[in-house]
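Step one of this worksheet: look at the structure below.
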Amino acid sequence: MDQQYHSKKLAGSLDSVGAAPAQEPRTITRVELLDAVYNACPTLSRAEARQLFEMTLEEIVGALVQNDPVKIRAFGAFTLRSKRERVGRNPRTGVEAKITARRVLTFKPSPTLIARINGDALVEE
73 MDQQYHSKKL AGSLDSVGAA PAQEPRTITR VELLDAVYNA CPTLSRAEAR QLFEMTLEEI
133 VGALVQNDPV KIRAFGAFTL RSKRERVGRN PRTGVEAKIT ARRVLTFKPS PTLIARINGD
193 ALVEE
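Its first residue numbered 73, the sequence shown is counted upward by one per residue in the numbering used here.
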């Protein structure tokens, strides 16, 4: 999929410093991920690729719901953290409000992913 995800080249002139104008980040959607799975596995039908993709997501979600961490080598780890109940404050009015206890999803990228994002040499895990 890495080869399929390339940002479009910037059109237009360079700014006064000689740099290309800033580009809005693109969001990869579920459909695009599904298409990448389908294109990477030519022996699968589109329906089979969708089923494989959905089953993978369901396994990840199911593990997280059961409070099990999900670790994907060379990508990162998804974990749930429990946050205790606390008192928050509205920044405009200063009025206190109770924030209920809840679980939050966290993601910690692997060193390999961080290196790829930063353009460094790949790090073996």
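Using N, Cα and C, we set each Cβ at its ideal position, and we do this for glycine too.
Original post:
In this structure, does DSSP put Thr101 in helix, strand or coil?
Top reply: coil
Original post:
Got a sec, what are the start and stop residues for the alpha helix (DSSP H) Pro183 sits in?
Top reply: Boundaries of the alpha helix (DSSP H) harbouring Pro183: Pro183 to Ile189, taken from the DSSP string.
Original post:
How far does the beta strand (DSSP E) with Glu168 in it reach, from first residue to last?
Top reply: Boundaries of the beta strand (DSSP E) around Glu168: Glu168 to Ile171.
Original post:
Taking DSSP as the reference, what is the three-state secondary structure of Gln138?
Top reply: coil
**OP:** Return yes when the Cβ of Glu157 is within less than 8 angstroms of the Cβ of Thr172, no when it is not.
**Re:** yes
**OP:** Find out if the Cβ-Cβ distance for the pair Leu106, Ala121 is shorter than 8 angstroms.
**Re:** The answer is yes: Cβ separation under 8 angstroms.
Subject >> Residue from Thr151, Asp192 and Arg175 whose Cα sits closest to the Cα of Pro183 >> reply: Looking at Thr151, Asp192 and Arg175, the one whose alpha-carbon comes closest to that of Pro183 is Asp192.
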